[in-house]
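See structure below.
In our numbering, the protein residues as written are 3 to 380.
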């Protein structure tokens, strides 16, 4: 055996060992509590697929319905918001998606939302993810503006993303899934899809975005190599954007987003094809970011929130993620950026679409076919 061959084998054994060790360390057993010390109070009824919750105040809530409606619920009274764009593309996983109020909402009443959109004239029976903004005047949207539209349209009905968060510097981040084109979009910064994007609140591209000077690159791209991010939250203490994204069969991930980084899909993954065949044998790569955490089997994560208020003293600082597949909320305890404990709460509540912390510190859960629930500690 040559010396070169020997070092090659040693390197591969090391990488294999590292991957196995990471998988063992990365899967603490999930617990179902014996004693439940909270109750669930339904605060909004008669919703089909409430994709997103947003709070103006604790008594003034916006809810997006996937089929193409926004409701405003003030003191328990639900009214439909009018003035939405007419090109919402409701197909498969697409429709009206996330909704968020501006950091400057108190001054300008501006909101942001994402939709699956068939705006492109060349193919009106297809769509892709779009970011809009508008002013909310009572229950009417005015000054509607399209800030970003992913292209091209496709008839595929899955992997639209899409969540919206803001940091404290005036940037808006939003996600777009790979649109079912895993071998084309996520690893190519000249194409939309499989990306986290960063723009100013008016939709303009920041001059320090990582690919601003790259020829043909999508200038709004902040990170790439993503599959289908349907959870995003800004970690205020660490000043970081956290996302989770759907893997295939296994390999749902939590990632901490860094400027210009590649998160690997589909070159590295802990998941397999739905048929059980292998996508790749690689779970790490020197030029790609490993997940902070991954789920095997997949839980189909949707919605994401940190509990920061102290309303639930034992839960403060914990991360909460909804499960579409297993129909519960997962409470995740972190220590030194590692998942050290997992617990099921709101067991069998239904397909969880979103989870948010309200201005007064309570956690709210949006559940398909049921409505919005508030978690109240006993």
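For every residue, glycine included, the Cβ atom is placed at its ideal position computed from N, Cα and C.
Small disclaimer: the values here were computed from a predicted structure and weren't measured.
- For residue 56, the secondary structure class from DSSP, reduced to helix, strand or coil, is strand.
- Closest in alpha carbon position to residue 153, among 118, 316, 355 and 38, is 118.
- By the Cβ test, the region 272-281 is in contact with the region 252-262, since at least three Cβ pairs between them sit closer than 8 Å.
- Contact check between the region 358-370 and the region 294-303: fewer than three CB pairs, one atom from each, fall below 8 Å, which does not count as touching.
- Note that the C-beta distance between residue 50 and residue 100 is not below 9 Å.
- In this structure residue 224 is not in contact with residue 168, their Cβ atoms being roughly 13 Å apart against a cut-off of 8 Å.
- Excluding residues up to 5 positions away in sequence, 191 lie with their Cβ nearer than 7 Å to the Cβ of residue 216 in the same chain.
- C-alpha of residue 176 to C-alpha of residue 213: approximately 16 Å in a straight line.
- With a 10 Å radius around the Cβ and a threshold of 16 neighbouring Cβ atoms, residue 293 comes out buried.
- DSSP, reduced to helix, strand and coil, places residue 108 within a helical segment of the structure shown.
- Looking at the backbone, the Cα of residue 84 and that of residue 343 are separated by about 43 Å.
- Cβ atoms of residue 63 and residue 75 come within 8 Å of each other, at about 5 Å.
- Around the beta carbon of residue 108, fewer than 16 other beta carbons sit within 10 angstroms, so the residue counts as exposed.
- Inclusion of residue 222 and residue 201 in the CB contact set at 9 Å is warranted, their separation being smaller than that value.
- The alpha-carbon separation between residue 267 and residue 283 amounts to approximately 13 Å.
- At least 9 Å separates the beta-carbon of residue 357 from that of residue 335.
- Excluding residues up to 5 positions away in sequence, 332, 344, 345 and 346 lie with their Cβ nearer than 8 Å to the Cβ of residue 32 in the same chain.
- In the DSSP assignment, residue 308 falls within the unbroken beta strand (DSSP E) covering 303-308.
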